[in-house]
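Q: Numbering (the numbering used here), first residue to last: 74 to 332. For reference, the structure I am asking about is given below.
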């Protein structure tokens, strides 16, 4: 008789429990070292959220097991399982990417920030999240601005509400590159320029200073304040190497002559 939790040796070869004991309990299948047993557990009608998460915590998972969990309708509707499968590094792309569309706002943020999530999955999670920004409440946007990835925080810099912009600038993950990219968009909110010019960290970054000077939304007084922070040589480079609105160019030329 086969003992529970153990596979039967046949001619000196150990076989999967799902082969030697079809009546094995799902917990025994999950504890097995055989992928065939994990696959049987992943497909099992008795698979629960807790048991699925136990499988997902294993470090020896194969893509076939993850795909089986994703196709097990009794557990994939559970939010923790859904997120875990979507962000797992071994989940096949044809499974993980569609699952991202089913995630809620802060679940997408979790995936985009996950340290072990693959880069292309993170990118799609960010794209889905940015596409949802227009449907979110002000409170959700502020929370995302403070905590989300640089790409999402950069998108929220373009929000018309100053409280959202301020939250994005407080995000410890936001980078100079993401701010410069936002400054290059066709339209930006004027409060962003004023906040950047007054910011203790970002107001002294050269690329951001240049980005502000190139914006037609910047007032003359703001442009002169930024220009005053630039060395004479740097201001000359701005005038000769960058495309500027005509009135801004004339303003900066006068400022340069007065140095």
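The beta-carbon is built from N, C-alpha and C at its ideal position, and this holds for glycine as well.
Rounded to the nearest angstrom, what separates residue 156 and residue 125 at their Cα positions?
A: Locating residue 156 in the chain shown gives position 83, counting from the first residue. Locating residue 125 in the chain shown gives position 52, counting from the first residue. Rounded to the nearest angstrom, the two C-alpha atoms are 12 angstroms apart.
Q: Could you tell me the boundaries of the alpha helix (DSSP H) in which residue 154 lies?
A: Translated into the one-based positions of the chain shown, residue 154 becomes position 81. Where residue 154 is concerned, the enclosing alpha helix (DSSP H) stretches over 152 to 160.
Q: Using the rule of at least 16 other Cβ atoms within 10 Å of the residue's Cβ for burial, across every protein chain shown, is residue 146 buried or exposed?
A: The residue given as residue 146 occupies position 73 in the chain shown. The residue in question, residue 146, is exposed, as its Cβ has fewer than 16 Cβ neighbours within 10 Å.
Q: Would you mind working out which of 242, 285, 300 and 201 sits nearest residue 261, comparing C-alpha positions?
A: In the chain shown, the residue the question calls residue 261 occupies position 188. Cα-wise, what sits closest to residue 261 is 285.
Q: Pick helix, strand or coil for residue 133, following the three-state DSSP scheme.
A: Within the chain shown, numbered from 1, the residue matching residue 133 stands at position 60. If DSSP states are grouped into helix, strand and coil, residue 133 belongs with coil.
Q: Within a Cβ cutoff of 7 angstroms, which residues of the same chain sit near residue 288, ignoring the five residues on either side of it in sequence?
A: Taking the first residue of the chain shown as 1, we reach residue 288 at position 215. Counting only Cβ-Cβ distances below 7 angstroms, and skipping sequence neighbours, we find 256, 261 and 266.
Q: Please name the residue in 217, 150 and 135 whose C-alpha comes closest to that of residue 161.
A: By one-based count along the chain shown, residue 161 stands at place 88. Nearest of 217, 150 and 135 to residue 161, Cα basis: 135.
Q: Using the three-state DSSP reduction, which class does residue 187 fall into: helix, strand or coil?
A: Looking up residue 187 in the chain shown gives position 114. Three-state result, residue 187: coil.
Q: Between which two residues does the alpha helix (DSSP H) carrying residue 326 extend?
A: Your numbering for residue 326 matches position 253 in the chain shown. Start and end: 319 to 330.
Q: Are the CB atoms of residue 190 and residue 184 within a distance shorter than 8 angstroms?
A: As a first step, residue 184 is located in the chain shown; it is residue number 111 there, counting from the start. As a first step, residue 190 is located in the chain shown; it is residue number 117 there, counting from the start. Yes, they are a contact pair.
Q: Expressed to the nearest angstrom, what Euclidean distance is found between the alpha-carbon atoms of residue 158 and residue 164?
A: Taking the chain shown and counting its residues from 1, one reaches residue 158 at position 85. Taking the chain shown and counting its residues from 1, one reaches residue 164 at position 91. Those two C-alpha atoms are separated by around 7 angstroms.
Q: Is DSSP giving residue 307 helix, strand or coil here?
A: As a first step, residue 307 must be located in the chain shown, where it is residue number 234. Helix at residue 307.
Q: I'd like to know whether the C-beta of residue 86 is nearer than 8 angstroms to at least one C-beta of chain B.
A: The displayed structure is made up of one protein chain only, and chain B is not part of it.
Q: Which stretch, first to last residue, makes up the alpha helix (DSSP H) that contains residue 216?
A: Translated into the one-based positions of the chain shown, residue 216 becomes position 143. First-last of the alpha helix (DSSP H) with residue 216: 211 to 220.
Q: Excluding the 5 residues preceding and the 5 following residue 270 in the sequence, name in chain order all residues of the same chain whose CB lies nearer than 7 angstroms to its CB.
A: The sequence position of residue 270 within the chain shown is 197, counting from 1. If we look at residue 270 and ignore the five residues flanking it on each side, its Cβ neighbours are 276, 285, 295, 298 and 299.
Q: With distances taken Cα to Cα, identify the nearest neighbour of residue 239 among 179, 230 and 246.
A: As a working mapping, residue 239 is identified with position 166 in the chain shown. Nearest option by C-alpha distance: 230.
Q: Can the beta-carbon of residue 109 be found closer than 8 angstroms to that of residue 87?
A: Your numbering for residue 109 matches position 36 in the chain shown. Your numbering for residue 87 matches position 14 in the chain shown. Contact: no.
Q: With distances taken Cα to Cα, identify the nearest neighbour of residue 179 among 138, 318, 268 and 217.
A: Working through the chain shown from its first residue, we reach residue 179 at position 106. Residue 217 is the option with its Cα nearest to residue 179.
Q: If you count every other CB in all the chains shown that lies within 10 Å of the CB of residue 227, and 16 or more means buried, which is it?
A: Here residue 227 refers to the residue found at position 154 of the chain shown. Result: buried.
Q: Rounding to the nearest angstrom, what Cα-Cα distance links residue 242 and residue 301 in this structure?
A: Sequence index remark: in the chain shown, residue 242 carries index 169 (1-based). Sequence index remark: in the chain shown, residue 301 carries index 228 (1-based). Using only the alpha carbons, I get a separation of about 23 angstroms.
Q: Residues in the same chain with beta-carbon distance under 7 angstroms from residue 127, minus the five sequence neighbours each way, listed in chain order, please.
A: The count along the chain shown starts at 1 and reaches residue 127 at position 54. Here the set comprises 103.
Q: In angstroms with no decimal places, state the Cα-to-Cα distance between residue 169 and residue 117.
A: Taking the first residue of the chain shown as position 1, residue 169 is located at position 96. Taking the first residue of the chain shown as position 1, residue 117 is located at position 44. Their backbone Cα atoms lie some 21 angstroms apart in a straight line.
Q: Measuring alpha carbon to alpha carbon, tell me which of 152, 187, 245 and 139 ends up nearest residue 167.
A: Translated into positions along the chain shown, residue 167 becomes position 94. The shortest Cα separation from residue 167 among 152, 187, 245 and 139 belongs to 139.
Q: Buried or exposed: which applies to residue 224, given that a residue is buried once 16 or more other Cβ atoms fall within 10 Å of its Cβ?
A: Taking the chain shown and counting its residues from 1, one reaches residue 224 at position 151. Result: buried.
Q: Spatial neighbours of residue 142 within its chain, please: C-beta separation below 8 angstroms, excluding the five flanking residues on both sides.
A: Counting from 1 along the chain shown, the entry for residue 142 is found at position 69. Here the set comprises 115, 120, 125, 128, 129, 148, 149, 154 and 158.
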